[in-house]
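Q: The structure follows.
In my numbering, the protein residues as written are 20 to 176.
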């Protein structure tokens, strides 16, 4: 994989992390439960830390880190703004949305790791970040299931 291709892949992950951070921060601002606010803020912080590390990798490879997020993330933020204006949609709906976005984040990491030409030094970091993305997703899914009254199969890691 040449540096341009690696930079593109890293920037795609950076956008995904930025989208997830914005989703979780927006949901935390709208959440009614203090427990959810805290968990969503922690998830957002984890996404922001991953994005900062990815941005550093992009710069190390001579690229310019993407700022903001993807078009889908922009639409997501618009959805959150509308629901906030209309009086919110409840904690469960916020958790549903964040769980979906974090699931997509983990899927994007898995897709990146499936690229056989990904440099090993980058692969190690992407693999480690995937573990963090999975933990954030599992925590939010667990909370969503609790708010839904569903008994989760196992507690989050």
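Glycine residues also receive a C-beta, built at the ideal position from the N, C-alpha and C atoms.
1. Pull up the distance between the alpha-carbon of residue 143 and that of residue 28, whole angstroms please.
2. In or out: residue 71 buried (at least 16 other Cβ within 10 Å) or exposed?
3. With DSSP as the reference, label residue 136 as helix, strand or coil.
4. Going by C-alpha distance, which of 162, 133, 111, 124 is nearest residue 31?
5. Among 44, 26, 161, 52, whose alpha-carbon lies nearest the alpha-carbon of residue 83?
6. Could you work out which residue in 47, 33, 23, 65 is closest to residue 116 when comparing CA atoms only?
7. With DSSP as the reference, label residue 81 as helix, strand or coil.
8. Would you mind giving the Cβ-Cβ distance between residue 155 and residue 65, rounded to the nearest angstrom? I have them listed as a contact below 8 Å.
9. Please report the residue range of the alpha helix (DSSP H) in which residue 37 lies.
10. Throw me the rounded Cβ distance for the residue 149 and residue 129 pair, which I believe falls under 8 Å.
11. Given that a residue counts as buried once 16 or more other Cβ atoms are within 10 Å of its Cβ, and exposed if not, what is residue 37?
12. Using a Cβ-Cβ cut-off of 7 Å (strictly less than) and excluding sequence neighbours within five positions of residue 122, which residues of its own chain qualify?
A: Answer, in terms of the structure:
1. Working through the chain shown from its first residue, we reach residue 143 at position 124. Working through the chain shown from its first residue, we reach residue 28 at position 9. Approximately 14 Å, taken between the alpha carbons.
2. Taking the chain shown and counting its residues from 1, the one referred to as residue 71 is at position 52. A residue is called buried when at least 16 other Cβ atoms come within 10 angstroms of its Cβ; residue 71 does not meet this threshold and is exposed.
3. Taking the first residue of the chain shown as position 1, residue 136 is located at position 117. Of the three classes helix, strand and coil, the one that applies to residue 136 here is coil, per DSSP.
4. Within the chain shown, residue 31 is the residue found at index 12, counting from 1. Checking every option, the nearest Cα to that of residue 31 belongs to 124.
5. By 1-based counting over the chain shown, the position of residue 83 is 64. Nearest option by C-alpha distance: 26.
6. Position 97 of the chain shown, counted from the start, is the residue given in the question as residue 116. Distances from the CA of residue 116 to each of 47, 33, 23, 65 were compared; the closest alpha carbon is that of 47.
7. Mapped onto the chain shown, residue 81 falls at position 62. DSSP places residue 81 in coil when its eight states are reduced to three.
8. Locating residue 155 in the chain shown gives position 136, counting from the first residue. Locating residue 65 in the chain shown gives position 46, counting from the first residue. So it is a contact: roughly 5 Å between Cβ atoms.
9. Here the question's residue 37 lines up with position 18 in the chain shown. From DSSP, the alpha helix (DSSP H) with residue 37 extends over 22 to 49.
10. Taking the chain shown and counting its residues from 1, the one referred to as residue 149 is at position 130. Taking the chain shown and counting its residues from 1, the one referred to as residue 129 is at position 110. Contact flag correct, Cβ pair sits at about 7 Å.
11. On the chain shown, residue 37 is found 18 positions in, with the first residue counted as 1. It is buried - the Cβ of residue 37 has at least 16 other Cβ atoms within 10 Å.
12. For the purposes of this step, residue 122 is taken as residue 103 along the chain shown, with counting starting at 1. The answer, listed in chain order, is 156.
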